[in-house]
Structure formats: structure tokens, C-alpha cells
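Number of protein chains: 2
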Amino acid sequence: MPQPRVRDLLEEAILEGELKPGERLRAEALAQRFGTSRTPIREALLQLEGQGLVEVEPNRGAVVRSFDRDDVLDLYEIRALIEPHAAARAATRIDPARIAELAALCDAEDQLVANEAFHRIILEAAESPRLVVAMRAATGIPRSFRTAFWHDERQRAESLMCHRRLVAAFEAQDAQLAEAVMRMHILGAVAFLEETWPTHH
Amino acid sequence: MPQPRVRDLLEEAILEGELKPGERLRAEALAQRFGTSRTPIREALLQLEGQGLVEVEPNRGAVVRSFDRDDVLDLYEIRALIEPHAAARAATRIDPARIAELAALCDAEDQLVANEAFHRIILEAAESPRLVVAMRAATGIPRSFRTAFWHDERQRAESLMCHRRLVAAFEAQDAQLAEAVMRMHILGAVAFLEETWPTHH
DNA sequence: CTGCGGCATCTTGCATACGAAATCACGTCA
DNA sequence: TGACGTGATTTCGTATGCAAGATGCCGCAG
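Top line first, the protein sequences correspond to chains A and B. Sequential numbering from 1 applies to the first sequence in this note's numbering. Sequential numbering from 1 applies to the second sequence in this note's numbering.
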């Protein structure tokens, strides 16, 4: 097991919300926090910039990217594009063991974490390395932006239903169905976002 | 204008084919080449890794990514997904000045360079920052892999026709048409690749 | 009271130094 | 002859120093 790299620790800190959007990231402070020097921190920040999690301006430092309504909708529009495609590819490539994992995740305790794992497994099952990097570059946001979903009973039920339908589609190796369900799943999230996060602020 | 960053010089060198796929990238040698030290080189390599142009393995160094047939087809499959979407968004957002630029590019001398600019303008006109980074992460390959297109007369003619049709679609702000033409355009390239680059090696 | 200029301080960007891991070469032993 | 182990050399990863650019504060003039 490789020791945890600074990049991953920093990514986790941002996704967990310990470092908040808009917050200035001073290299020296982060170095102390992770018990290392500024060099690995700088490298991590540059990698995370390519992932859209931080913004680095030359000679002015890095800040955690801020995500307003338009950003998040933009992001989900790309998910709505990429993930159905990934699901379609996965339908004819995924192996039974993975399908079992997906099925298990439907009954998991922590639905927030389970949901992430669920989508990641499908993305990887698409067996398109480029698709993975495209998603990574486009879709990282702090989890706090997604917790709203899991507080709404109807949304949670619909999500779970979609996941179960996806498992069924994979078992039947039905690419069209998988694609359609995934598109509905993502667009459902978009609609929920637009409802609960109205324009007027 | 900011001075040319090492990252861009290195990217150019790879896209131009000066550094060939599979070639080992020793930090010290690159540092001398660009008249700098290893630190900026390391940072550039990590950024380009996120862009899919190089592969960095811990404690073992960086290599220019090799692109085999499957890689390139995988890449074009993602273009076929993203660029039609970008074209559809651009159709209702692009301003007339940009359309004029696109029209001018159809008559440009260097079709290889003009083609790149053409697609970049459309991508930016989609006004989706996430879409831009997704494309960048997914679609960088050395230009040598694309030169084949411009040696085939029929392919060149079809390409030019698609470009002109796209300009017309933008003038009419017809998102559906723009999307369809762009999809045909990219899938045409895929078909050409599959013809000219047969599986049997 | 407000806007501006200059100085002190802080932060970044790059170069360099040093320890650690990997690679390579060579000699030994089966 | 071939496989393996050991030492030398190369290359990477991290820490730190220093110069250049950015930030912030205070005083001054209008």
C-alpha cells in the first residue's frame, strides 16, 4: 500500500469541505498541516487545478474554487452527457462481480458514499481511460453540494430506483436501457437542483 | 502577455512530435533543454499527466504517452460525444464576430491549424468552462496522428463541407442542425481512421 | 473624509542540495 | 553459460534558500 499522497489528502479536505470554496490556500500553511514542505503542496495544487477543484493564478496563489448555481448546473449538464454514455458502454463490458458490487451498494448504509462508489464503478466498467479523465476533470465538487439530495425522501427513493434499474440493465446487458436510465437519473438530479436552489440569490 | 510557461513549451514539443510517444522524459535533460531547473519541469509534467499526454509513475519517471489504435478511437468516441453537445450550445450563444472567424477559417491555407482553431472556437462559444476542461483532458494527441486526414482528398472535401454547414447552422442559430453536423463530422473522422488504420497490427 | 503613493511584509516561483529509490554493471556461484 | 546478489551510478522526491512579485498598512494631500 503506497503511503497516502499529499494530493489525495488535499483533495479529500476540499471534497469534505474542510477547506471551503473561496478559501485562500497558502502553501506554507498547507505544508505544516500535512507535515511536509511547500514543494509537494505546489505539485498537488497544480494537479487539482487540472481537476477543477482549485484555481491557481500565477504569482497570486491558489484558492478553492467557488461553485455557484451556474457552475453546478454546468457540471451536471456534463454528467448528463458523459455518464449515460459510460453506462451504455459498461452494459456490454461489465463483469458479474462488479454487478454484484453495484447491487450491494444499493443496500448500503451511507448512501452518500455508496452513490459515489456506484457511479465510479460504472465509469470504470466503461473501459475508456479517456472517459475517466474527462469526468475527473469536469465533475469534482465538495460533497456538501450534494448532501441536499439525501435529505429529500422522494429524491432518495427515485435515486435508489434508478440504481436498481441500472443493475437490472447491466444484468441484461441492455446498453440502451442503461443509457436511458442513467440519463433520467442525472436529469432528475438537475431538476431537483433547479427546484431547491432557485435563481433568486 | 505572460512569458511562455514551461508547461506550454513542453506540451507543444509533444504535440509537434519532437518528443515521441514512449520516449522517456528525464527531468534533468528537459531542464537543460528549456534553460530552467527540474522544479518547473516536474510541475509541467504533472499538469500534462492530468491532460493525458504523459504518464508519470512514482519513483520511475515520466514517459510520453503512447497512442495505439484503440487509444485514438477511444479519444474520438469522446469527441463524438462532447463536440456535438458543444456545437448545440454554441448555436444559441455564439456571436456574429466568431461566426465570421469560422467562415474565414474555411478558406485558410493551413487546414491542419485552421481545423484546430475552428473546433476550439466552437468549444469556447459553448460557454461551458467544464466542457473545455473535459475536452482538454480527453483529446490531446500529437498532430502526426491527424495529418493523415489532410492527405486524403475526399476526407478533406467532406471536412470542409461540414465546416461550412456548421457556419450556416450557427448563422441560423439552429442547435439541432449544428449538433447533427458536428456528430457526422466527428464520426466521419472515426470511419476514416478505421479504414486507414486497420486492426491487423 | 476620501483617494493615492510608498514602504514593510508576506507569498509565490525557481534554483539548488540532499536523502532515497531504482537502475545498471559486474563479479560470483551454481 | 546463465542466474543471482552486491555495489556504483543515475534519477527521482522533498526540503530549503533567495529573489521577484503581490498584498496590506499607514501617512499624506486634496
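From the three backbone atoms N, C-alpha and C, an ideal C-beta is built for every residue, glycine too.
Alpha carbon to alpha carbon, what distance is there between residue j and residue i?
i, j, result
"ARG93/A", "GLN32/A", "45 Å"
"ALA91/B", "LEU46/A", "33 Å"
"SER159/A", "SER37/B", "51 Å"
"PRO84/B", "GLU49/A", "26 Å"
"ASN115/B", "PHE192/B", "16 Å"
"ASN59/A", "GLU57/B", "29 Å"
"PHE145/B", "GLU195/B", "14 Å"
"ARG120/A", "GLY22/A", "27 Å"
"ALA178/B", "PHE118/B", "14 Å"
"ARG69/A", "TRP197/A", "7 Å"
"GLU124/A", "ALA103/B", "40 Å"
"MET1/A", "ILE41/A", "Residue confidence for MET1/A is low, a pLDDT of 47 falling below 50, so the modelled location carries little weight and cannot support an answer."
"VAL190/A", "LEU73/A", "7 Å"
"VAL64/B", "GLN155/A", "45 Å"
"ALA168/B", "ALA88/B", "13 Å"
"GLY188/B", "ILE122/B", "18 Å"
"LEU15/B", "LEU19/A", "36 Å"
"LEU131/B", "ALA80/B", "13 Å"
"VAL181/A", "VAL133/A", "23 Å"
"GLU101/A", "ASP174/A", "18 Å"
"LEU108/B", "ASP152/B", "It is worth fixing the name first, because residue 108/B is Ala in this sequence and not Leu. The straight-line gap from Cα to Cα measures roughly 17 Å."
"PHE170/B", "ALA157/A", "41 Å"
"ARG26/B", "TYR76/B", "30 Å"
"PHE39/B", "LEU10/A", "Note that residue 39/B is Thr in the sequence shown here, rather than Phe. If you take the alpha carbons of THR39/B and LEU10/A, they lie about 20 Å apart."
"GLY17/A", "GLY35/A", "20 Å"
"LEU30/A", "GLN176/B", "48 Å"
"ARG183/B", "THR199/B", "23 Å"
Run through chain B and tell me which residues come within less than 8 Å of residue i, C-beta to C-beta.
i, result
"GLY50/A", "GLN47, GLY50, GLN51, VAL133 and ALA137"
Measuring CA to CA, which of the options is closest to residue i?
i, options, result
"SER66/B", "LEU73/B, ARG60/B, GLU55/B and ASN59/B", "GLU55/B"
"SER128/A", "LEU123/B, ASP71/B and GLU12/B", "ASP71/B"
"MET135/B", "ILE78/A, LEU187/A, GLU11/A and ARG38/A", "ILE78/A"
"HIS185/B", "ARG164/B, TRP197/B and ALA103/B", "ARG164/B"
"LEU166/A", "LEU30/A, ALA108/A, ALA86/A and THR199/A", "ALA86/A"
"ARG5/B", "GLU18/B, GLU43/B and LEU15/B", "GLU43/B"
"CYS162/B", "ASP68/B, GLY35/B and CYS106/B", "CYS106/B"
"PRO142/A", "PHE170/A, ARG130/A, ALA157/A and ALA13/A", "ALA13/A"
"ARG24/B", "LEU53/B, LEU9/B and GLY35/B", "LEU53/B"
"ALA172/B", "TYR76/B, GLY61/B, PRO96/B and GLU16/B", "PRO96/B"
"VAL113/B", "GLN51/B, PHE149/B, THR199/B and LEU10/B", "PHE149/B"
"ARG98/B", "ALA126/B, ARG130/B, VAL132/B and GLY35/B", "ALA126/B"
"GLN111/A", "GLY140/A, THR147/A and ALA27/A", "THR147/A"
"GLU28/A", "GLY61/A, THR199/A and ASP8/A", "GLY61/A"
"ASP8/B", "ASP152/B, GLY140/B and MET182/B", "GLY140/B"
"ILE82/B", "ARG26/B, GLU11/B, LEU10/B and ALA137/B", "ALA137/B"
Give the residues of chain A in contact with residue i, contact being defined as C-beta atoms less than 9 Å apart.
i, result
"GLU43/B", "ARG42, GLU43 and LEU46"
How would you list, in chain order, the residues of chain B whose beta-carbon sits under 7 Å from the beta-carbon of residue i?
i, result
"ILE78/A", "ARG130, LEU131 and ALA134"
"LEU75/A", "ARG130"
In chain A, what lies closer than 8 Å to residue i by C-beta?
i, result
"HIS85/B", "LEU81"
Provide the residue(s) that pair with residue i in DSSP beta bridges, ordered along the chain.
i, result
"GLU57/A", "GLY61/A"
"LEU25/B", "ALA62/B"
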